[in-house]
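To convert, count from 1 in the sequence shown and add 174; that's our numbering.
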Amino acid sequence: MAEATAPGVVSVLGAGAMGAGIAQACATAGHTVHLVDADPDALTRGRAAIEDSLVRLVRKGSLDEAGVARTLANVHGGGDLRSAVSAADVVIEAVTEDLEVKRGLWRQVAAHARAGTLLATNTSSLSVTEIASFGGDPAASCGLHFFNPVPLLPLVEVVRGEHTSDATVARAVAFVAGIGKTPIVCRDTPGFIVNRLLIPYLNDAVHAYAEGVATAADLDAAMTLGANLPLGPLALVDLIGLDVTLAAIEALHRETGDPRFRPAPLLRRMVRAGKLGRKRGEGFHRYA
Ligand SMILES: NC(=O)c1ccc[n+]([C@@H]2O[C@H](COP(=O)([O-])OP(=O)(O)OC[C@H]3O[C@@H](n4cnc5c(N)ncnc54)[C@H](O)[C@@H]3O)[C@@H](O)[C@H]2O)c1
175 MAEATAPGVV SVLGAGAMGA GIAQACATAG HTVHLVDADP DALTRGRAAI EDSLVRLVRK
235 GSLDEAGVAR TLANVHGGGD LRSAVSAADV VIEAVTEDLE VKRGLWRQVA AHARAGTLLA
295 TNTSSLSVTE IASFGGDPAA SCGLHFFNPV PLLPLVEVVR GEHTSDATVA RAVAFVAGIG
355 KTPIVCRDTP GFIVNRLLIP YLNDAVHAYA EGVATAADLD AAMTLGANLP LGPLALVDLI
415 GLDVTLAAIE ALHRETGDPR FRPAPLLRRM VRAGKLGRKR GEGFHRYA
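Shown next as structure tokens:
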């Protein structure tokens with residue numbers, strides 16, 4: 175078990191699905207959190223998402239009212255990037271998955287971060303080494319890849335870039351343990367661990383479905399009943415979103431050039447048709 179770090183100041187850049195969840199987890203653990211977003215509406219939505227999530231955690235019995243009060247008191251939104259970054263012990267970048275957006279932001283972070291600040295990106299599919307090259311000290315930079323929804327999923331992949339120092343990895347591991355998550359260290363390779371293994375499996379399930387191996391319901395039932403998985407692969411693609419799954423398999427294919435990661439043509443067709451899964455009411459299954 176990694177040793178946890180004492181509470182400090184964490185600045186989370188990007189208040190979308192991931193940034194809000196990361197801010198919440200850090201605030202519940204006692205860190206002072208500055209949540210920053212270029213879009214003021216995103217900040218409002220992020221704050222509302224945190225409040226909704228806290229209500230659900232209380233209903234489930236996994237958080238008490240004191241935890242709710244502590245979390246809300248610790249999250250500060252609406253400040254400017256410069257003061258948030260210069261105050262931070264840890265910066266976690268969770269902005270849009272676009273290399274140019276991240277390049278611009280990391281340059282600003284580098285200009286304002288104090289020496290010794292841990293700089294982390296939550297990217298799912300881009301190179302941590304490349305992002306770290308945009309600014310700041312690459313030795314003090316790493317990936318902290320949280321999973322969605324952050325308040326519920328315990329794993330954080332601690333991604334070691336080519337220049338990440340051993341001290342930074344140790345610090346990142348301690349930080350993750352300190353917010354009650356489980357750190358697993360991996361190299362900076364496409365998909366890290368979970369997406370490297372999960373996304374090709376999901377893509378393969380779409381190939382199998384397109385080949386007529388079985389109905390969607392039977393493919394899913396086979397994997398829940400025969401492999402003891404909690405959810406069948408096509409139901410999982412519906413949950414993640416067909417567009418998000420397609421982007422992930424395309425990123426693996428682009429980075430590696432390996433034909434094993436060729437996106438299933440049916441996946442692409444369904445995305446073009448707007449069948450994106452649960453969020454649109456239809457994917458491989460239909461939802462009310
Ligand atoms: N969604 C997931 O399931 C998931 C899981 C793990 C990791 N990630 C990664 O987390 C990151 C964020 O993903 P998300 O799903 O939360 O995206 P999102 O689109 O929900 O949120 C991104 C936010 O970044 C903000 N933003 C864009 N440019 C900015 C800038 N220059 N400064 C400040 N804010 C800026 C946007 O306004 C938006 O609110 C991505 O790198 C993604 O790959 C996503």
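C-beta atoms are modelled at their ideal positions from N, C-alpha and C, and glycine is treated no differently. Bear in mind that the values here come from a model prediction, so they are computed numbers and not experimental data.
Take the Cβ of T270 as the centre, count every other Cβ of all protein chains shown within 10 Å, and call the residue buried at 16 or more, exposed below.
exposed
Extent of the continuous alpha helix (DSSP H) run through L237:
From DSSP, L237 is part of no alpha helix (DSSP H); its letter is neither H nor E.
Where the alpha helix (DSSP H) through E274 begins and ends:
273-286
Measure the CB-CB distance between V249 and V207 and report whether it falls below 8 Å.
yes
Along the chain, where does the beta strand (DSSP E) containing S257 start, and where does it finish?
Per DSSP, S257 belongs to no beta strand (DSSP E); it is in the alpha helix (DSSP H), 255-261.
Spell out a yes or no on whether the region 355-368 and the region 381-394 are touching, meaning 3 or more CB-CB pairs, one atom from each, closer than 8 Å.
no
Does ligand 1 have even one heavy atom less than 7 Å from the beta-carbon of D211?
yes
Taking contact to mean 3 or more Cβ pairs, one atom from each stretch, closer than 8 Å, check whether the region 217-230 and the region 291-304 are in contact.
no
With burial defined as no fewer than 16 other Cβ atoms inside 10 Å of the residue's Cβ, what is the status of N296: buried or exposed?
buried
DSSP state of M175, grouped into three classes?
Any reading at M175 needs caution, since the residue's pLDDT is 45, under 50, leaving its predicted position unreliable; the model's value is listed next. Here M175 sits in coil by DSSP.
Can you tell me the Cα-Cα spacing of A247 and K234, whole angstroms?
21 Å
For A384, the three-state DSSP class (helix, strand or coil):
helix
DSSP three-state label for L246, please.
helix
Compare the Cα-Cα distances from L292 to each of D412, S315, V242 and report the closest residue.
S315
Mind checking which residues open and close the beta strand (DSSP E) that includes R361?
356-361
Relative to the C-alpha of K453, which candidate in I196, L410, E274, V259 has its C-alpha closest?
L410
Output needed for H427: all residues of its chain with C-beta closer than 7 Å, excluding positions within five of it in sequence on either side, in chain order.
F435, R436, P437
I need the straight-line Cα distance from Q282 to E225, nearest angstrom please.
29 Å
If you follow the beta strand (DSSP E) that T295 is part of, which residue opens it and which one closes it?
292-295
Nearest CA to the CA of T363: which residue from G335, V350, H286?
G335
Taking the Cβ atom as the reference point for each residue, do G188 and D211 lie within a distance shorter than 8 Å?
yes
Roughly how many whole angstroms lie between the Cα atoms of S257 and A285?
11 Å
Is the beta carbon of N296 within less than 7 Å of some heavy atom of ligand 1?
yes
Selected residue, minimal CA-CA separation from D213, among L255, C200, D238:
L255
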